[in-house]
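Visitor: Residues 111 to 508 (my numbering) make up the sequence shown, in order. My structure is below; once you've seen it, I'll send some questions.
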Amino acid sequence: MSKLLVDIGSTYIKISSSNGVFQKFRDFNRAILDDLTSKFADEIQRYEKDEIHICSSANGGLSTLIIGLTNSFSLKYATNIAFNSGINIIDTILYHNIENSPVAGELLDVVIIVGGIDSIGGVFDEKLFSYLSKLNYSNIVYVGSKKDREYLSENIENLVILENIITEKLKVNEEPLKEYLTNLYQQDIVGKEDIKELYTLSSNQIYSTPYIVNQSLPYIDANFEVINPFIVIDIGGATTDIHYSRDLSRDNMVIDSEYDRLVFKKLGVYKSKDSLVYAAKNNEFVYELLNVLNVTENILEEESEQATKILMQLSIFLVLCKVSIHTSLYITLNMHLLKSIVLTGGITKVLSYDEVEVIVQFFYKKILNTTAIPTILLDSNYDIWTLGMKALGEKDVD
111 MSKLLVDIGS TYIKISSSNG VFQKFRDFNR AILDDLTSKF ADEIQRYEKD EIHICSSANG
171 GLSTLIIGLT NSFSLKYATN IAFNSGINII DTILYHNIEN SPVAGELLDV VIIVGGIDSI
231 GGVFDEKLFS YLSKLNYSNI VYVGSKKDRE YLSENIENLV ILENIITEKL KVNEEPLKEY
291 LTNLYQQDIV GKEDIKELYT LSSNQIYSTP YIVNQSLPYI DANFEVINPF IVIDIGGATT
351 DIHYSRDLSR DNMVIDSEYD RLVFKKLGVY KSKDSLVYAA KNNEFVYELL NVLNVTENIL
411 EEESEQATKI LMQLSIFLVL CKVSIHTSLY ITLNMHLLKS IVLTGGITKV LSYDEVEVIV
471 QFFYKKILNT TAIPTILLDS NYDIWTLGMK ALGEKDVD
């Protein structure tokens with residue numbers, strides 16, 4: 111069956127049909143449906159509603175706070191599951207430090223509470239409720255010891271209780287929380303009025319783009335000569351996502367999925383530019399990198415084509431830093447084992463291979479102390495996301 115695939119990004123609208131893959135910059139003065147139909151009217155009219163498949167990253171992801179008992183198990187497991195569900199983690203809090211922990215000022219999409227295997231109880235007390243009373247959140251979920259479920263339910267309004275993510279053998283039980291968070295992400299997308307209107311074009315479920323790209327990874331060698339293990343970096347206007355082979359993970363967690371993903375909500379080039387600039391200014395190596403790129407820090411305050419290129423180059427460097435041994439705030443990947451780096455998203459329409467290579471070389475030299483770098487591949491035709499959409503469509507038919 112012929113299909114029209116549509117991806118609504120934060121800055122670009124992309125379609126894939128029998129005529130090829132096309133992208134156009136969004137007009138933010140128009141509703142998404144109106145913008146889409148005006149730009150691609152001829153293509154859309156060729157397809158029935160059941161032949162049109164849509165994904166979107168226009169919502170920029172969800173923000174979450176995780177409260178756990180230990181770094182070794184509860185926080186590590188919950189963080190991994192949240193990242194793999196496309197969630198942006200604002201902060202993690204060790205429970206014994208909760209009284210002295212900062213209170214997030216922004217509205218949180220979800221708060222996750224985790225801790226203790228099922229045979230242990232009585233691990234939470236009034237300190238938790240006092241802290242939660244200071245937060246502003248939309249959803250709250252408990253995935254810890256079953257012995258504390260009743261106590262927490264009685265004291266936390268609208269608490270969602272799921273299976274413990276920590277088994278008695280201290281292994282991770284990811285599916286209940288992963289499904290819950292993935293559904294929240296999905297509800298956030300379709301809850302946007304602009305996205306709801308797209309159901310007038312399609313009778314199929316609208317998916318999140320990070321989920322779709324992750325679904326593409328098993329098929330990526332159909333379009334690219336990648337060597338495992340590899341990562342895919344998707345840099346857009348609102349977020350920077352990184353998808354990676356689990357072979358790279360330093361965490362010895364037993365998880366069924368072969369690939370994981372992280373979503374960095376504050377490293378986009380357009381919608382989250384201010385936070386990207388802030389992150390760059392607070393990285394100890396960025397000023398040296400700017401010197402290598404033959405520009406000064408003043409470029410970070412400019413509005414120009416060159417400034418946009420520099421921001422995209424910095425976003426590559428910063429996201430590599432965030433998953434390397436340089437920082438412990440995120441999941442650490444063994445970058446020395448990495449064989450291929452694939453870049454996709456709006457960045458591939460702006461940066462050349464050489465402009466990407468200089469960043470990767472700088473990262474490996476400064477952070478990993480080596481001159482050997484992985485193979486770099488650019489998805490300049492926006493093909494990767496289409497692989498996941500086609501794969502899901504085939505599953506639906508089956």
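C-beta: ideal position from N, C-alpha, C; glycine also. These numbers come from a predicted model, not from an experiment.
Spatial neighbours of residue 435 within its chain, please: CB distance less than 7 Å, with the 5 preceding and 5 following residues excluded, ordered by chain position.
Guide: Answer for residue 435: 442, listed in chain order.
Visitor: Quick check on DSSP: helix, strand or coil for residue 157?
Guide: DSSP places residue 157 in coil when its eight states are reduced to three.
Visitor: Indicate the three-state DSSP secondary structure (helix, strand or coil) for residue 183 in the structure shown.
Guide: Note: residue 183 maps to helix in three-state DSSP.
Visitor: Assign residue 235 to one of three DSSP states: helix, strand, or coil.
Guide: Reduced to three states, the DSSP call for residue 235 is coil.
Visitor: Quick check: residue 353 and residue 342, are their CB atoms within less than 7 Å of each other?
Guide: Taking 7 Å as the Cβ cut-off, residue 353 and residue 342 qualify as a contacting pair.
Visitor: In the structure shown, what three-state DSSP assignment does residue 227 receive?
Guide: Looking at residue 227 - three-state DSSP - the assignment turns out to be coil, as it is neither helix nor strand.
Visitor: For residue 293, tell me which candidate among 308, 261, 315 and 469 has the shortest Cα-Cα distance.
Guide: If we check each option's Cα against that of residue 293, 315 comes out closest.
Visitor: What are the start and end residues of each continuous alpha helix (DSSP H) run of 4 or more residues lying completely inside the region 308 to 351, in chain order?
Guide: DSSP runs (the alpha helix (DSSP H)) wholly in the region 308 to 351: 319 to 326.
Visitor: Can you tell me where the beta strand (DSSP E) with residue 202 in it begins and where it stops?
Guide: From DSSP, the beta strand (DSSP E) with residue 202 extends over 197 to 204.
Visitor: Just the Cα atoms here: how many angstroms apart are residue 577 and residue 263?
Guide: In the structure as shown, the chain begins at 111 and stops at 508. Residue 577 is therefore absent and cannot be evaluated.
Visitor: Indicate whether the contact test is met: 3 or more Cβ pairs, each with one atom in the region 198 to 213 and one in the region 174 to 186, closer than 8 Å.
Guide: Verdict: yes, contact present.
Visitor: What ranges does the beta strand (DSSP E) occupy inside the region 260 to 295, keeping only unbroken runs of at least 3 residues that lie completely in it?
Guide: Here the runs fully enclosed are 269 to 271.
Visitor: Using 7 Å as the threshold, is the C-beta distance between residue 253 and residue 224 below it?
Guide: Contact: yes.
Visitor: State buried or exposed for residue 258, treating a residue as buried only when at least 16 other CB atoms are found within 10 Å of its CB.
Guide: Buried is the call here.
Visitor: With residue 509 as the anchor, note down where its alpha helix (DSSP H) starts and where it stops.
Guide: For residue 509 there is no data in the structure shown, the boundaries of the chain being 111 and 508.
Visitor: How about residue 345 and residue 495: do their beta carbons lie closer than 7 Å?
Guide: Not a contact, by the Cβ cut-off of 7 Å.
Visitor: Is residue 178 helix, strand or coil when you go by DSSP?
Guide: Of the three classes helix, strand and coil, the one that applies to residue 178 here is strand, per DSSP.
Visitor: Taking the continuous alpha helix (DSSP H) assigned at residue 473, which residues delimit it?
Guide: First-last of the alpha helix (DSSP H) with residue 473: 463 to 476.
Visitor: How close, in whole Å, do the beta carbons of residue 277 and residue 222 come, if the pair is a contact with beta carbons under 8 Å?
Guide: In fact, because the Cβ distance is near 17 Å, the residues do not count as touching under 8 Å.
Visitor: Quick one: grab the DSSP three-state call for residue 363.
Guide: The predicted model places residue 363 with a pLDDT of 48, which falls under 50 and marks its position as unreliable; any figure quoted below should be read in that light. Residue 363: coil per DSSP, three-state reduction.
Visitor: What residues in its chain sit with their C-beta under 7 Å from that of residue 515, if we drop five residues either side in the sequence?
Guide: Only positions 111 to 508 of the chain appear in this structure, which leaves residue 515 out of reach.
Visitor: Please classify residue 282 as buried or exposed, where buried requires at least 16 other C-beta atoms within 10 Å of its C-beta.
Guide: Buried, because 16 or more other Cβ atoms sit within 10 Å of the Cβ of residue 282.
Visitor: Check whether the region 209 to 218 touches the region 241 to 251, taking contact to mean three or more Cβ pairs, one atom from each stretch, closer than 8 Å.
Guide: The region 209 to 218 vs the region 241 to 251: in contact.
Visitor: In this structure, what does DSSP give as the bridge partners for residue 443?
Guide: Answer by DSSP bridge pairing, in chain order: 359.
Visitor: Counting pairs of beta carbons, one from the region 479 to 493 and one from the region 128 to 141, are three or more of them closer than 8 Å?
Guide: Verdict: yes, contact present.
Visitor: Quick one: what does DSSP say residue 448 is sitting in, helix, strand or coil?
Guide: DSSP places residue 448 in coil when its eight states are reduced to three.
Visitor: If we ignore side chains and look at the alpha-carbon of each, how far apart do residue 472 and residue 285 end up?
Guide: Going by the C-alpha atoms only, they are around 38 Å apart.
Visitor: Does the Cβ-Cβ distance between residue 325 and residue 501 come in under 7 Å?
Guide: The answer is yes: Cβ separation under 7 Å.
Visitor: With a threshold of 7 Å on Cβ separation, who are the neighbours of residue 268 within its own chain once the five nearest residues in sequence on each side are excluded?
Guide: Counting only Cβ-Cβ distances below 7 Å, and skipping sequence neighbours, we find 250.
Visitor: Kindly indicate which three-state DSSP category residue 130 falls into: helix, strand or coil?
Guide: Note: residue 130 maps to strand in three-state DSSP.
Visitor: Using only alpha-carbon positions, find the residue among 383, 308, 160 and 274 that is nearest to residue 287.
Guide: Cα-wise, what sits closest to residue 287 is 274.
Visitor: Taking the beta carbon of residue 151 as the centre, do at least 16 other beta carbons fall within 10 Å, making it buried, or is it exposed?
Guide: So residue 151 ends up on the exposed side.
Visitor: Please list the terminal residues of the continuous alpha helix (DSSP H) segment that includes residue 397.
Guide: Unbroken alpha helix (DSSP H) run through residue 397: 396 to 402.
Visitor: Closest by CA to residue 484, which one among 304, 197, 318 and 339?
Guide: If we check each option's Cα against that of residue 484, 339 comes out closest.
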